[in-house]
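Only one structure is covered here, and it is reproduced in the block below.
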Amino acid sequence: MEENQGVWVFIEVNDGTIEGVSLELLGAGRKLADKLEVPLSGVMLGQGVMPLANEVIYAGADQVYVVDHPVLKNYRTESYMKGVCVLAEKYKPEIFLYGATPNGKDLASAVATDLSTGLTADTTMLDVDVEKRLLEASRPAFGGNIMATILCKKHRPQMATVRPKVMKALEPDEGRKGIIIEEELELREEDMRTKVLRIVKDVTKKASLAEAHVIVAGGKGLGDIQGFQLIHELAEVIGASVGGTRDVVEAGWLKHEQQIGQTGETVTPKIYFAIGISGAIQHVEGMKNSELIIAINKDANAPIFDVATYGIVGDAMEIVPKLIKQFKELSK
Ligand code: FAD
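Residue numbers (the working numbering): 6 to 337.
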């Protein structure tokens with residue numbers, strides 16, 4: 006285990022673009038690497054990905070391992086696992102982070118199995134015990150009732166998948182210098198057991214909440230599904246996405262994918278309207294990193310006001326129609 010050194014981040018590339026979560030992990034990885042006084046490396050696989058290597062350096066890495074190969078054109082567990090494991094066995098990182106995206110989760114679990122090491126899934130906090138050189142990967146456990154910090158004491162690398170939008174990416178610094186290491190890998194298409202025949206994009210889905218710049222979120226304070234229509238109307242007028250608390254999802258006013266919070270989506274919009282939402286810790290966990298939070302609640306002591314940038318104490322049924330009217334006039 007003493008041989009293992011350095012913090013690695015798997016850089017996920019889709020449609021020629023680095024996934025946001027990979028940049029966020031470089032931000033988080035930078036802090037861990039600095040504490041441990043080791044280099045931070047990105048690991049990027051794909052076809053035609055070499056031109057993206059500098060972006061990884063600008064985002065905080067000291068070096069990037071790049072495997073550019075036609076067999077890696079599309080993500081497949083087998084080829085990516087092979088590539089990543091070959092590199093990990095050669096260079097022996099002590100910490101290895103992946104985005105908790107569908108591909109990141111799939112890859113991390115396959116790599117953990119192959120390298121016979123541990124993996125903490127869906128992490129929301131990362132730290133490191135410098136003395137013991139242990140990654141402290143924390144995540145909600147027991148249905149979100151407690152936070153568990155998980156250690157991998159006896160195996161290396163220590164691996165974790167991390168939820169998108171939880172960590173902060175660094176401002177890209179084009180002046181940063183780093184090393185790009187191109188790795189050759191023996192991969193043959195005929196050895197692959199799976200083939201990607203075509204990729205069908207789901208065009209029916211609206212822009213996901215995680216990507217939204219403005220979100221209007223409503224809670225039980227809207228009274229009933231009719232009252233909740235005000236949330237949809239306000240969102241429509243200002244071009245925002247709609248979200249809500251677990252209680253409104255359970256009441257059937259919104260779909261499950263619109264739930265924001267610890268057991269729903271984590272969001273970081275520029276503006277977050279929290280209307281008729283009490284501000285329970287499980288909800289706040291999913292929205293507290295929004296840039297600007299505007300809360301409307303008739304209870305001046307509602308905990309949502311503790312995280313709000315602006316708070317309006319009053320009846321949503323009176324305030325929201327006025328907002329809708331004002332925004333409509335402004336957009337004329
Ligand atoms: P309430 O707590 O009932 O709050 C309603 C608010 O509306 C009150 O503050 C009230 O003052 C205000 N109000 C009432 N009438 C008006 C009015 N006319 N005008 C203005 N304000 C008004 N919750 C989530 O949201 N996301 C999660 O991911 C999540 N995960 C959970 C996981 C676990 C394990 C547990 C135990 C709970 C979880 N919860 C989650 C539930 C959470 O604890 C709260 O119960 C929930 O967030 C409360 O929803 P709410 O704010 O809509 O309702």
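Backbone N, C-alpha and C fix where the C-beta goes; we use that ideal spot for every residue, glycine too. As the structure is a prediction and not an experimental result, all values here were calculated from the model.
Worksheet entry | Where the alpha helix (DSSP H) through F310 begins and ends | I309 to V312
Discussion item. At a threshold of 8 Å, does R251 count as lining the ligand FAD (C-beta to nearest heavy atom)?
Written reply: For R251, the shortest C-beta to heavy atom distance toward the ligand FAD is below 8 Å.
Item to complete: Decide if N302 is buried, meaning its Cβ has at least 16 other Cβ atoms within 10 Å, or exposed.
Response: buried
Item to complete: Check R144 in the structure and name its three-state DSSP category.
Response: Here R144 carries a strand assignment [DSSP, helix/strand/coil].
Discussion item. Using the Cβ count rule (16 or more neighbours within 10 Å means buried), how would you classify K210?
Written reply: In this prediction, K210 has a pLDDT of 48, which is less than 50 and means its spatial position is unreliable; nothing more can be read from the coordinates.
Item to complete: Using only alpha-carbon positions, find the residue among R138, A153, K137 and E136 that is nearest to R144.
Response: A153
Worksheet item: If you check the beta carbons only, do P98 and S46 fall under 9 Å apart?
Response: yes
Discussion item. Please report the distance separating the alpha-carbon of H261 from that of E136.
Written reply: Roughly 43 Å between the two C-alpha positions.
Discussion item. Considering Cα atoms alone, identify which of A142, V43 and A245 is closest to Q68.
Written reply: V43
Discussion item. Given a cut-off of 9 Å on the beta-carbon distance, is the pair G53 and G21 in contact?
Written reply: yes
Discussion item. Using a Cβ-based criterion (distance less than 8 Å to any ligand heavy atom), does G32 qualify as near the ligand FAD?
Written reply: Answer for G32: no, Cβ out of range of the ligand FAD.
Worksheet item: Does the beta carbon of G183 fall short of 8 Å from some heavy atom of the ligand SAM?
Response: Annotation note on the ligand SAM: not contained in the displayed structure, which lists the ligand FAD as its ligands.
Discussion item. Which residue wins for smallest C-alpha separation from V18, given the options K36, V205, V61 and G34?
Written reply: Taking V18 as reference, the option from K36, V205, V61 and G34 with the minimal CA-CA separation is V61.
Discussion item. Using only the alpha-carbon positions, how far apart do E255 and M197 sit?
Written reply: 44 Å
Practice prompt. Measure the C-alpha to C-alpha separation of D304 and V318 and round it to an integer number of angstroms.
Written response: 7 Å
Worksheet item: Which class does K210 belong to by DSSP, given the choice of helix, strand or coil?
Response: Because the pLDDT of K210 is 48, which lies under 50, any placement of that residue in the model is unreliable, and the number read from its coordinates should be weighed accordingly. If DSSP states are grouped into helix, strand and coil, K210 belongs with coil.
Worksheet item: Any heavy atom of the ligand FAD closer than 8 Å to the CB of D134?
Response: no
Worksheet item: Curious, which full-length beta strand (DSSP E) runs of at least 3 residues does the segment 42 to 90 contain?
Response: 45 to 51 and 68 to 73
Practice prompt. List the DSSP bridge partners of A153.
Written response: R144
Worksheet item: When burial is assigned at 16 or more other CB atoms within 10 Å of the CB, is H288 buried or exposed?
Response: buried
Worksheet item: Taking 8 Å as the line, does the beta carbon of K303 fall inside it for any heavy atom of the ligand FAD?
Response: Taking non-hydrogen atoms of the ligand FAD into account, the C-beta of K303 is found less than 8 Å away from one of them.
Item to complete: Could you tell me the boundaries of the alpha helix (DSSP H) in which V163 lies?
Response: Correcting the residue type first, residue 163 is Gln in the shown sequence and not Val. No alpha helix (DSSP H) holds Q163; the beta strand (DSSP E) holding it covers Q163 to V167.
Practice prompt. Give the secondary structure of E191 by DSSP, where H, G and I count as helix, E and B as strand, and everything else as coil.
Written response: coil
Discussion item. Which residue wins for smallest C-alpha separation from A217, given the options V247, E195 and A117?
Written reply: V247
Worksheet entry | Alpha-carbon to alpha-carbon, F332 and G281 | F332 has its alpha-carbon roughly 20 Å from the corresponding atom of G281.
Fill in: Rounded separation between K225 and K327 - CA only
Between K225 and K327, the C-alpha separation is close to 20 Å.
Worksheet item: Roughly how many angstroms separate the alpha carbons of D134 and E8, rounded to a whole number?
Response: 18 Å
Worksheet item: Excluding sequence positions up to five away, which residues of its chain have a Cβ less than 7 Å from the Cβ of E290?
Response: G266 and Q267
Worksheet entry | Span separating the alpha-carbon of R251 from that of I185 | Roughly 45 Å separates the two Cα atoms.
Worksheet item: What number of angstroms, rounded off, separates the C-alpha of D229 from the C-alpha of K275?
Response: 28 Å
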